[in-house]
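Reminder that position 283 of the sequence shown reads as 283 in UniProt numbering, one-by-one numbering, no gaps.
For glycine and all other residues, C-beta sits at the position ideal for the given N, C-alpha and C.
Let me begin by presenting the structure, written as structure tokens, before commenting on it.
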Amino acid sequence: MNNLIKTAVLMAAFVAFLGFIGAMVGGKSGLLLALLFAGGMNLFAYWNSDQMVLRMYNAQEVDASTAPEFYGMVAELAQRAGLPMPRVYVIHEDQPNAFATGRDPEHAAVAATSGIMRMLDYRELRGVMAHELAHVHHRDTLISTLSATMAGAVSALASFAMFFGGRDENGRPVNPLAGILVAILAPLAASVIQMAISRAREFEADRGGAEISGDPLALAAALQKIEYYAQGIAMPTAQAHPETAQMMIINPLSGLSMGELFRTHPHTEERIARLHAMARGVG
Numbered sequence: 001m002n003n004l005i006k007t008a009v010l011m012a013a014f015v016a017f018l019g020f021i022g023a024m025v026g027g028k029s030g031l032l033l034a035l036l037f038a039g040g041m042n043l044f045a046y047w048n049s050d051q052m053v054l055r056m057y058n059a060q061e062v063d064a065s066t067a068p069e070f071y072g073m074v075a076e077l078a079q080r081a082g083l084p085m086p087r088v089y090v091i092h093e094d095q096p097n098a099f100a101t102g103r104d105p106e107h108a109a110v111a112a113t114s115g116i117m118r119m120l121d122y123r124e125l126r127g128v129m130a131h132e133l134a135h136v137h138h139r140d141t142l143i144s145t146l147s148a149t150m151a152g153a154v155s156a157l158a159s160f161a162m163f164f165g166g167r168d169e170n171g172r173p174v175n176p177l178a179g180i181l182v183a184i185l186a187p188l189a190a191s192v193i194q195m196a197i198s199r200a201r202e203f204e205a206d207r208g209g210a211e212i213s214g215d216p217l218a219l220a221a222a223l224q225k226i227e228y229y230a231q232g233i234a235m236p237t238a239q240a241h242p243e244t245a246q247m248m249i250i251n252p253l254s255g256l257s258m259g260e261l262f263r264t265h266p267h268t269e270e271r272i273a274r275l276h277a278m279a280r281g282v283g
């Protein structure tokens, strides 16, 4: 299934979720309002979700004069990948992490935290940015950013449903447990879809990034180092907006995983093992 189909399925699922929640909150009127909201949200997210995420993280755009080495690295990798030059951002966070966003390669942006730029050497950072450009090359930055925006909207509307209670199709109040179930299950279902998409994308971006950089072991070393340091350094913005966690190269959230269904990323050990196998020319 290519990313265009995945994006269409994600948008349809988002509309269905919001329609169901709207019906629980306000019957037929709530369903109609939720569908209108979902349609408008889809259009808004398509055009603006990347800028929303960058603003959320207070990302600052840099260029060849303000960050010559970092900007030059991205430019060299973009040229190797045959991509247009993306916008380049720095996020002033101590946790080592990075992500890519944008609806297509012509409107792409890559961002790295100041923490990752301090902790990795040039070769390792180059491997990370090649990984992010692989996301751009595979055109999965759109689905990543859309899913983050939509999961946040589903969670907000589900909380609204729990607060105001559910109603049947005639507008009469229904069992309050129904509203509570909607508030719990709708965000969980949205998260399961979001996380499954994210895990599959990371393996492909690791492989693509290793091909772009020509150095699988650099990305493997970077992942090992990021995993070690990220566990002990919080990223407050990610904690406040957990729906954006799946956009990062490593899960930025602290705490234990709720299980395989809710993992935002594959196991780092498996990612590293695949990159080592790639370097050996195996598989």
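How would you label residue i, buried or exposed, when you count the other beta carbons within 10 angstroms and need 16 or more for buried?
i, result
"Pro-105", "buried"
"Gly-40", "exposed"
"Arg-207", "buried"
"Tyr-57", "buried"
"Phe-14", "buried"
"Phe-20", "buried"
"Asp-215", "buried"
"Arg-118", "exposed"
"Arg-55", "exposed"
"Met-258", "A caution first: Met-258 carries a pLDDT of 48, below 50, which makes its placement in the model unreliable, though a value can still be read off. Met-258 is exposed by the Cβ-count criterion."
"Glu-243", "buried"
"residue 293", "What the structure shows of the chain is the stretch from 1 to 283, and residue 293 is not part of that stretch, so it cannot be assessed."
"Ala-273", "exposed"
Using the C-alpha atoms, what's the distance from residue j back to residue i?
i, j, result
"Pro-86", "Arg-80", "13 Å"
"Ala-234", "Leu-18", "32 Å"
"Leu-217", "His-92", "27 Å"
"Ala-205", "Asp-140", "9 Å"
"Met-129", "Ala-240", "25 Å"
"Ile-5", "Ile-143", "10 Å"
"Ala-222", "Ala-45", "31 Å"
"Tyr-228", "Pro-96", "10 Å"
"Ala-8", "Trp-47", "15 Å"
"Arg-271", "Gln-224", "10 Å"
"Val-74", "Ala-16", "39 Å"
"Ala-12", "Thr-101", "21 Å"
"Leu-253", "Gln-246", "10 Å"
"Val-88", "Gln-51", "13 Å"
"Ala-134", "Gly-209", "5 Å"
"Leu-33", "Arg-103", "27 Å"
"Glu-61", "Leu-43", "25 Å"
Please state the DSSP three-state secondary structure of residue i.
i, result
"Tyr-57", "coil"
"Ile-212", "helix"
"Thr-101", "strand"
"Ala-67", "coil"
"Ile-5", "helix"
"Ile-91", "strand"
"Lys-221", "The sequence shown places Ala at residue 221, not Lys. In this structure, Ala-221 counts as helix in the three-state DSSP scheme."
"Val-15", "helix"
"Ala-34", "helix"
"Met-73", "helix"
"Met-248", "strand"
"residue 320", "Look at the range of the chain in this structure, 1 to 283, and you will see that residue 320 is not part of it."
"Ala-234", "coil"
"Ala-45", "helix"
"Ala-240", "helix"
"Ala-108", "coil"
"Arg-280", "coil"
Between the beta-carbon of residue i and the beta-carbon of residue j, is there less than 8 Å?
i, j, result
"Ile-250", "Ala-220", "no"
"Leu-83", "Val-136", "yes"
"Phe-99", "Met-278", "no"
"Gly-72", "Ser-213", "no"
"Glu-124", "Val-110", "no"
"Glu-211", "Pro-266", "no"
Return yes when at least one heavy atom of the ligand NAD lies under 7 Å from the C-beta of residue i, else no.
i, result
"Leu-120", "No copy of the ligand NAD appears in this structure; indeed no ligand is present at all."
If we cut at 8 Å on Cβ distances, does residue i have a partner in chain B?
i, result
"Glu-132", "Absence of chain B from the displayed structure is noted, only one protein chain being present."
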